[in-house]
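Participant: Supplied in structure tokens, the structure appears directly below.
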Amino acid sequence: AALILLTLFMRGSLAGISMRAAAENFSVARLMGIKANRVIALAFVISGLLAGVAGVLWVSRSGSVAPAMGFVPILKAFIATVIGGLGSLPGAVLGGFVLAAAEIFFIVALPTSVQPFSDPFALLLVIAILYFKPNGLLAPVAERV
Numbered sequence: 013a014a015l016i017l018l019t020l021f022m023r024g025s026l027a028g029i030s031m032r033a034a035a036e037n038f039s040v041a042r043l044m045g046i047k048a049n050r051v052i053a054l055a056f057v058i059s060g061l062l063a064g065v066a067g068v069l070w071v072s073r074s075g076s077v078a079p080a081m082g083f084v085p086i087l088k089a090f091i092a093t094v095i096g097g098l099g100s101l102p103g104a105v106l107g108g109f110v111l112a113a114a115e116i117f118f119i120v121a122l123p124t125s126v127q128p129f130s131d132p133f134a135l136l137l138v139i140a141i142l143y144f145k146p147n148g149l150l151a152p153v154a155e156r157v
């Protein structure tokens with residue numbers, strides 16, 4: 013639900029379009045009259061809200077909190093974003109699905125003695141994907157000049 017709302021906000025509202033413009037070319041966005049400080053503040057507010065939602069969901073699932081517990085999810089989110097294509101929200105979601113499917117496949121397919129080491133096999137698949145599609149699965153289409 014949060015992904016759908018974020019996509020609708022980024023594509024349909026003036027603030028979302030301003031954020032996308034500022035992300036693409038900050039100087040030109042300022043020249044076009046977009047108030048950069050407001051866009052930056054709004055981006056921080058949205059990211060904070062999404063991080064708060066993720067934190068609540070994480071704590072409700074695990075039941076406890078520790079300072080270093082977010083390293084693995086952040087690393088996997090970064091890998092999913094790279095797989096999907098930087099700058100593409102649907103690509104990041106697709107990258108997350110591909111990474112999760114690869115991890116589950118290797119947990120199921122590998123023998124029990126090797127299952128704790130399923131993450132390196134999934135990361136090898138990521139390397140293979142990036143070898144053939146270096147910009148990610150759904151990388152933004154570059155303009156022809």
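Counting from 1, position 84 in the sequence shown corresponds to residue 96 in our numbering; the numbering is continuous, with no gaps.
The beta carbon of each residue, even a glycine, is placed where N, CA and C say it ideally should be.
What you are looking at is a predicted structure, and each value in this text was computed from that prediction instead of being measured.
Considering Cα atoms alone, identify which of Ile139, Ile16, Phe118 is closest to Ala129.
Facilitator: In the sequence as displayed, the identity of residue 129 is Phe instead of Ala. Comparing Cα positions, the closest option is Phe118.
Participant: Determine, using beta-carbon pairs with one atom in the stretch 60–80 and one in the stretch 107–117, whether at least three such pairs fall under 8 angstroms.
Facilitator: Taking 8 angstroms as the limit for Cβ pairs, the verdict is that the stretch 107–117 does not touch the stretch 60–80.
Participant: CB-CB under 6 angstroms to Ala151, same chain, minus the five flanking residues each way: which ones, in chain order?
Facilitator: Here the set comprises Gly97.
Participant: Within this structure, are the beta carbons of Gly99 and Leu149 separated by less than 9 angstroms?
Facilitator: Taking 9 angstroms as the Cβ cut-off, Gly99 and Leu149 do not qualify as a contacting pair.
Participant: Quick check: the Cα distance between Ala55 and Met31, rounded to an integer number of angstroms?
Facilitator: Their Cα atoms are separated by approximately 7 angstroms.
Participant: Tell me where the alpha helix (DSSP H) around Phe129 begins and ends.
Facilitator: No alpha helix (DSSP H) holds Phe129; DSSP gives it neither H nor E.
Participant: Taking the continuous alpha helix (DSSP H) assigned at Leu18, which residues delimit it?
Facilitator: Segment 14–24, the alpha helix (DSSP H) holding Leu18.
Participant: Only counting the same chain, and skipping five residues up and downstream in sequence, which positions put a Cβ closer than 6 angstroms to that of Gly127?
Facilitator: Here the sequence assigns Gln to residue 127, which means Gly is not the residue at that position. Closer than 6 angstroms at the Cβ level, and outside the excluded window around Gln127, lie Ile119.
Participant: Using only CA atoms, which one of Val138, Ile52, Gly67, Gly64 lies nearest to Val110?
Facilitator: Residue Val138 is the option with its Cα nearest to Val110.
Participant: Going straight from the alpha carbon of Gly67 to that of Ser76, what length do you get?
Facilitator: Those two C-alpha atoms are separated by around 11 angstroms.
Participant: Do Ala34 and Ala53 count as a contact pair if the criterion is CB distance below 9 angstroms?
Facilitator: No, the Cβ-Cβ distance between Ala53 and Ala34 is not below 9 angstroms.
Participant: Taking only three categories from DSSP, how would you classify Ser125?
Facilitator: In this structure, Ser125 counts as coil in the three-state DSSP scheme.
Participant: What is the residue span of the alpha helix (DSSP H) that Ala78 lies within?
Facilitator: No alpha helix (DSSP H) holds Ala78; DSSP gives it neither H nor E.
Participant: What's the gap between the Cα of Ile141 and the Cα of Ile95?
Facilitator: If you take the alpha carbons of Ile141 and Ile95, they lie about 7 angstroms apart.
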